[in-house]
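Read through the structure below, which is laid out as structure tokens, and then see the notes.
Numbering (the numbering used here), first residue to last: 530 to 919.
Below is the structure:
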């Protein structure tokens, strides 16, 4: 990648290096034969599985915002996105090539600090939440404005309201430090944090509501939904439980959209309007450039016509001219001019033509006049040396 000193992350088509290696090894592995059936000696080969591919992501941070809040469903790729950014940052600083498209940019970080995963610390008898908070406290103590901080499931593991309040306080602290931070969360209140902080931005991992499967793509500027009911349906939870859960969800939310959905809708409309304005501006620029080019062409043509008109006014008999209708490769010579009728007699080849003066294009080269015939003068007196001595 290209390195910069402005703390800007611009990853294009970034892929998790370990997933990339895993999927390539799976694709290269031959299909395993099926178990013999009824004593068959040669069981049929298993049907090869469709090869898996890593879905590349685009990540931008440090341009308009320093905090990126990633939301979306479980198994949707939020944690993979965190690990991808962290691994690629470390690989780049180790002098390794990174699996990303050309033009990607990264800064040099003094620390890459991460709290990813929910493993409990059995040795210290810490719960998931306690372990999480302890690591976050260590990270906040080390982070500087040149650090990269990655926090997975911020505010999880405790009461949602208290977790949201704690998460907002942690985001405020990261903002005051000035570091580059990417956090993931399921807490609804944290999804709206970016609307009140211009240095924070939302991102969402996409989910296909028709196939009920995550798409693993990261969309900067969107807010993701957890889609817990859809995922539960895909994982074969009994349908009557999903239906009942849906009723409970409607009762808790009411008929109105949650605040963050309304804000997301307004933000999307604003983004669509911005994109439309940018497209209109680009079209106006193209039109302006085309008009300027046309104006320049007309000015050049006018200057050319003025030069021709000026030269045409100075045409004299004997000048070489071009008559376009007879071809530019067949110049002629002006034989006679009749200014009153604005006509000229032009000799082209062996023919003479009456041509309007306005059609003549001067070549500004006059035919040289024919040399005058030599006049017979008196003979020079003989010289003595012209005679041989007798």
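Cβ coordinates follow ideal geometry from the N, Cα and C atoms, glycine included.
Asked	Found
Inter-residue spacing [alpha-carbon to alpha-carbon] between residue 712 and residue 542	20 Å
Own chain residues within Cβ distance below 6 Å of residue 620, not counting five before or after	627
Proximity winner among 851, 683, 556, relative to residue 581 (alpha-carbon distances)	556
DSSP three-state assignment for residue 693, whether helix, strand or coil	helix
Inter-residue Cα distance where the pair is residue 766 and residue 775	13 Å
Secondary structure of residue 804, DSSP reduced to three states	helix
Residue environment, residue 868, which counts as buried when at least 16 other CB atoms sit within 10 Å	exposed
Beta-carbon proximity check, residue 876 vs residue 884, cutoff 8 Å	no
Three-state secondary structure assigned by DSSP to residue 542	strand
Three-state secondary structure assigned by DSSP to residue 810	helix
Per DSSP, cross-strand counterpart(s) of residue 861	850
Backbone CA spacing between residue 698 and residue 597 [nearest angstrom]	15 Å
Rounded separation between residue 680 and residue 811 - CA only	39 Å
Any non-hydrogen atom of the ligand ZN closer than 7 Å to residue 766 Cβ	In the structure shown, the ligand ZN is absent, as is every other ligand, since no ligand is present at all.
Counted within 10 angstroms of its Cβ, other Cβ atoms place residue 607 as buried (16 or more) or exposed	buried
Beta carbon of residue 747 nearer than 8 Å to that of residue 709	no
Buried versus exposed call for residue 633 [16 or more other C-beta atoms within 10 Å across all chains shown]	buried
Length-filtered (4 minimum) alpha helix (DSSP H) runs lying within the segment 609-685	657-671
Proximal residues to residue 689 (C-beta, below 7 Å), its chain only, five neighbours per side dropped	716
Nearest-angstrom beta carbon gap, residue 734 and residue 605 [assumed within contact, 8 Å]	4 Å
N- and C-terminal bounds of the alpha helix (DSSP H) containing residue 758	757-763
N- and C-terminal bounds of the beta strand (DSSP E) containing residue 531	531-533
Where residue 710 sits in the DSSP three-state scheme	strand
Proximal residues to residue 537 (C-beta, below 7 Å), its chain only, five neighbours per side dropped	591, 592, 634, 636
First and last residue of the uninterrupted beta strand (DSSP E) at residue 870	Where residue 870 is concerned, there is no enclosing beta strand (DSSP E), given that its DSSP letter is neither H nor E.
Exposure label - residue 705; buried when at least 16 CB within 10 Å	exposed
Bridge partners - residue 890, DSSP secondary structure assignment	851
Buried versus exposed, by CB contacts within 10 Å (16 or more), residue 926	Because the chain here runs from 530 to 919, residue 926 falls outside it and cannot be looked at.
Chain-order list of residues whose beta-carbon lies under 7 Å from that of residue 530 (same chain, five-residue window excluded)	621, 627, 629, 633, 634, 635
Bridge-paired residues (DSSP) for residue 600	733
N-terminal and C-terminal residue of the beta strand (DSSP E) that residue 719 is part of	Element bounds for residue 719: not the beta strand (DSSP E) but the alpha helix (DSSP H), 717-720.
Contact belief for residue 546 with residue 642 at Cβ below 8 Å, rounded distance in angstroms	At roughly 20 Å, the Cβ-Cβ gap does not stay under 8 Å, so residue 546 and residue 642 are not in contact.
Cβ neighbours of residue 532 in the same chain (closer than 8 Å, five flanking residues each side left out)	621, 634, 635, 636, 637
Residue burial classification, residue 720 (beta-carbon count within 10 angstroms, cutoff 16)	buried
Residue from 856, 879, 878 whose Cα sits closest to the Cα of residue 890	856
Of the residues 658, 558, 549, 817, the one placed nearest residue 613, counting alpha carbons only	549
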